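The next block holds one structure in the form of structure tokens; read it before the comments.
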Amino acid sequence: MGAGAVVQAWSCNSCWNQQWQAYGPLSGGAQALTTRRLDSDHRGHGFLSRKTDVSAQNACPYREKQDPPSPAPGPPANVEGHCATGGDYGYPVFWTQDDISKSPWGAYYKMVYGEMPVPTKDNPICVYMLFLLYKPLLGLAGVQLPQSVDTQCPTKAGTPFAKMSGFPATDWIWIYNPSLGRPVGDYVPKDTWVEIMHTAFTMDGSATWMYYTPGSGIYMWTGTTFAYDDHPDAVKDLLDGAACTDPPGQIGNNECQSNFESMYKAARDKGANTIQFKKHADMQCDEFNNNDQRNMAIEIVDLGGPGMTTCSGNSGTTRFRAGWQAKYECKCQNDQSSINCEGFALAR
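Numbering of the sequence shown is given in our numbering, commencing with residue 186 and proceeding in unit increments.
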């Protein structure tokens, strides 16, 4: 048998052209594990975390469309805040542009939002207010978290944890904050741009179920919003006292899946743009026990499009926004597993 091809090796340059995605069986079968480089149609989704020197990015090869798009016409009216009184649990608080520009967090925020945010004494930036962190971007920015990531459901404020609900991504980290409506209030406010996350789900039907997710860099408009504690409360209120019902074999309690479309129509007929739930407790947060389900996030139902697709509609320019203070249009691609905006966060 003759010698094969010489194996070539390269040092890591921290650039877009060395981001990879791995596919393989969930169990130990005979199927081979394969990898492929993330090209422009798959950029930023699922690539592996690593510790890198962020300065290496200065020598990256040119990449088309890597800059954020131009701002959309006119600034958004209201955007949810980025700080609140109380403890910071080891996460930094930035009061000036000089503060954030000298911190690795400044580079992280720039990758997520497309620009370096400018905090002020009246409007500081509190990292603890973030819910979602992108692990690959933390590595690129050189950010060190104040404590290790918990693989089980967190109980203490400020704990970073690995799993949130059924999201397929393994390169996300979450920060536990018992105040689900952070920075203030029990629910997200009406007529406000708030950050969200969504993955395509057949059960959503003609509306899109989101989680309120500060730190995603992707925004939706709450508009006229109806707020409830749990799904049965909305069914009872919107459907004239109807009971919550589910199809046989439904996993989870109080889902009310059989009522979804009737609930959507009733809410639309009453002028609602969104419905939100503060106390629905079906979110998985333990990597080793899917039966441990808790109330970890506010659910927001966007009545403006179907949740059966990643982008809540067709690929391309959407009704969502991106970037710091929701100032950019969001161009989303349905071939990704979670809602995304071209040029921002893991779609940069």
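Ideal placement from N, C-alpha and C gives every residue a C-beta, glycine not left out. Quick caveat, the model's predicted, so the values are computed rather than measured.
Alpha-carbon to alpha-carbon, residue j and residue i
i: residue 431; j: residue 388; result: 11 Å
i: residue 395; j: residue 380; result: 10 Å
i: residue 378; j: residue 443; result: 30 Å
i: residue 333; j: residue 323; result: 14 Å
i: residue 337; j: residue 316; result: 16 Å
i: residue 533; j: residue 319; result: 12 Å
i: residue 273; j: residue 483; result: 21 Å
i: residue 518; j: residue 531; result: 12 Å
i: residue 390; j: residue 286; result: 43 Å
i: residue 480; j: residue 350; result: 10 Å
i: residue 346; j: residue 383; result: 18 Å
i: residue 424; j: residue 450; result: 10 Å
i: residue 368; j: residue 355; result: 26 Å
i: residue 292; j: residue 326; result: 5 Å
i: residue 527; j: residue 304; result: 25 Å
i: residue 536; j: residue 401; result: In the structure as shown, the chain starts at 186 and stops at 533, and residue 536 therefore has no counterpart that could be examined.
i: residue 487; j: residue 419; result: 14 Å
i: residue 270; j: residue 362; result: 13 Å
i: residue 358; j: residue 331; result: 13 Å
i: residue 275; j: residue 373; result: 25 Å
i: residue 441; j: residue 496; result: 24 Å
i: residue 366; j: residue 525; result: 22 Å
i: residue 360; j: residue 289; result: 18 Å
i: residue 445; j: residue 435; result: 14 Å
i: residue 553; j: residue 294; result: What is shown of the chain runs 186 to 533, which leaves residue 553 out entirely.
Residue i classed as buried or exposed, judged by whether at least 16 other C-beta atoms fall within 10 angstroms
i: residue 364; result: exposed
i: residue 329; result: exposed
i: residue 455; result: exposed
i: residue 475; result: exposed
i: residue 353; result: exposed
i: residue 505; result: buried
i: residue 343; result: buried
i: residue 433; result: exposed
i: residue 473; result: exposed
i: residue 469; result: buried
Per DSSP, the bridge partner or partners of residue i
i: residue 287; result: Bridge partners of residue 287: none, in fact.
i: residue 413; result: 462
i: residue 479; result: 468
i: residue 341; result: According to DSSP, residue 341 bridges with nothing at all.
i: residue 265; result: Residue 265 is not bridged to any residue.
i: residue 379; result: 405
i: residue 317; result: 359
i: residue 327; result: Its beta-bridge partners do not exist; DSSP assigns none.
i: residue 335; result: 346
Beta-carbon proximity of residue i to residue j, cut-off 8 Å
i: residue 348; j: residue 467; result: no
i: residue 371; j: residue 463; result: yes
i: residue 386; j: residue 498; result: no
i: residue 461; j: residue 428; result: no
i: residue 465; j: residue 415; result: yes
i: residue 268; j: residue 296; result: no
i: residue 264; j: residue 311; result: no
i: residue 457; j: residue 410; result: yes
i: residue 280; j: residue 309; result: yes
i: residue 529; j: residue 501; result: no
Selected residue, minimal CA-CA separation from residue i, among the options
i: residue 489; options: 481, 480, 483, 503; result: 503
i: residue 284; options: 506, 496, 423, 306; result: 306
i: residue 452; options: 474, 408, 494; result: 408
i: residue 439; options: 311, 313, 417, 410; result: 417
i: residue 485; options: 512, 304, 400, 404; result: 404
i: residue 426; options: 434, 435, 448; result: 448
i: residue 522; options: 511, 494, 506, 477; result: 494
i: residue 406; options: 446, 510, 294, 298; result: 510
i: residue 477; options: 513, 289, 299, 340; result: 340
i: residue 393; options: 459, 512, 469; result: 459
i: residue 299; options: 366, 266, 515; result: 515
Residue-chain proximity (residue i, chain C), Cβ-Cβ < 8 Å
i: residue 276; result: Absence of chain C from the displayed structure is noted, only one protein chain being present.
Residue i: CB within 7 Å of a non-hydrogen atom of the ligand ATP
i: residue 486; result: Of ligands this structure carries none, so the ligand ATP is not represented either.
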